[in-house]
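I have placed the structure first, in the form of structure tokens, so that the comments after it can refer back to it.
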Amino acid sequence: MMGETANIRRIRYLLIALVALYLIGPTLVVIWLSFSTDEVLRFPPHLFSWRWYEVFLFDERWNEAVRRSLLVGSLATFLATIIGSVAAFGTARTRLPGKQIVEIFAIAPLVVPPIILATGGYSLFAKLDMIGSNIGLAIMHTVLGVPYVYLIVSSALARTDPSIELAALSLGANRWRTIRDVSIPANLPAIITGALFAFLISFDEVVVTVFLSGSLAPTLPVRVFSSLSLAVSPVVAAVSTVQIIIAIVLMCLVGFLQRWQRRWAEAVAH
């Protein structure tokens, strides 16, 4: 019996290892290729070098793409965080007429194919002469980021003890002051988490950006996409590795924020 249990445990660990390898294997290959000395992507690379990271750091075209991605991502994150948080607080803490309609509109971009959003956005911004503008890109990226902020903040509000807010109201605070001094601080980790997700969505978006970026400097993902279409250079692997590192760092920060919120909730409960 113990032998069977040990065998089952080994099989389970083996399956977990295979699934993990399947999921992260391509990422590891990309990271490995980024240190190649070859002129084209070739696996396995012959020698180890930082050459393509230097190309990425000192090539003005890549630098311009990074700057535009950061600018658009920052604008989109700011707008998505405000809109998503306001919608979450409005549906969770008020008796808003048509609450279900607000919820549907808030999460709709998650279920609508990006190509449809891109086509609609292109038609609209072409009439407004905003194709290629950072504002137009930021608005469309905001649409993509709002659902993540809304869902994360709504989930946090559902777990927050409403008696804390009721206590503030009973002590004379009005609704706005209660939200400002109690609700927002209590759910700040969730708001920041939603903002991080919104930034990642904007920073990695390709489909919508291809339609709306115009002839001006592309964002980083579009630049990567264009480079793959024209020439398979290892600098693309280096750029992708940098993006992977950014995503990992932000996800670690998300995990830290979630633990912070759990500890805060436990402290309040006791």
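The sequence shown begins at 1139 in my numbering and counts up by one.
Glycine included, each C-beta is placed from N, C-alpha and C at the ideal position.
These figures come from a predicted structure and were not determined experimentally.
**Asked** Does at least one heavy atom of the ligand MG sit under 7 Å from the Cβ of M1389?
**Response** Summarising the ligand content, the structure contains no ligands, and the ligand MG is consequently not present.
**Item:** 6 Å CB neighbourhood of R1400 in its chain, flanking five on each side removed
**Value:** none
**Identity of the residue in V1168, N1272, I1339 nearest V1287 by Cα** = I1339
**Element boundaries [alpha helix (DSSP H), containing P1327]** = 1326-1342
**Asked** What do you get for A1155, buried or exposed, if any count of 16 or more other CB atoms within 10 angstroms of its CB means buried?
**Response** exposed
**Message:** Taking contact to mean 3 or more Cβ pairs, one atom from each stretch, closer than 8 Å, check whether the region 1323-1333 and the region 1213-1228 are in contact.
**Reply:** yes
**Asked** Between A1375 and V1168, which are expected to be in contact by the criterion C-beta below 8 Å, what is the C-beta distance as a whole number of angstroms?
**Response** 5 Å
**Request:** Using a threshold of 8 Å, state whether the C-beta atoms of A1230 and L1334 are closer than that.
**Result:** no
**Message:** Quick check on V1370: buried or exposed, where buried means 16 or more other Cβ atoms within 10 Å of its Cβ?
**Reply:** exposed
**Message:** If distances are taken between C-alpha atoms only, which option among G1274, F1186, L1195 comes closest to T1347?
**Reply:** G1274
**Prompt:** Under three-state DSSP, which class holds V1250?
**Reply:** coil
**Item:** Exposed unless 16 or more other CB atoms sit within 10 angstroms - verdict on L1266
**Value:** exposed
**Asked** How should S1207 be labelled, buried or exposed, when 16 other C-beta atoms within 10 angstroms of its C-beta is the threshold for buried?
**Response** buried
**Message:** Please report the distance separating the alpha-carbon of T1298 from that of V1291.
**Reply:** 10 Å
**Expected contact under 8 Å - CB spacing of I1253 and V1345 to nearest Å** = 6 Å
**Request:** Could you name the residues of the same chain whose beta carbon sits closer than 7 Å to that of P1164, not counting the 5 residues immediately before and after it, in chain order?
**Result:** none
**Request:** My understanding is that A1214 touches T1143, with C-beta atoms under 8 Å, so please give their C-beta distance in whole angstroms.
**Result:** Rounded, the Cβ-Cβ distance is 51 Å, inconsistent with contact.
**Message:** Let me check understanding here. Comparing Cα to Cα, which of L1179, S1351, N1325, P1247 lies closest to F1227?
**Reply:** N1325
**Message:** Can you tell me whether T1298 is helix, strand or coil according to DSSP?
**Reply:** coil
**Message:** Assuming contact is defined by CB atoms lying nearer than 8 Å, are L1179 and A1276 in contact in what I supplied?
**Reply:** no
**Request:** Could you say which of V1240, R1233, S1351, W1398 lies nearest to Y1260 if we only look at CA atoms?
**Result:** S1351
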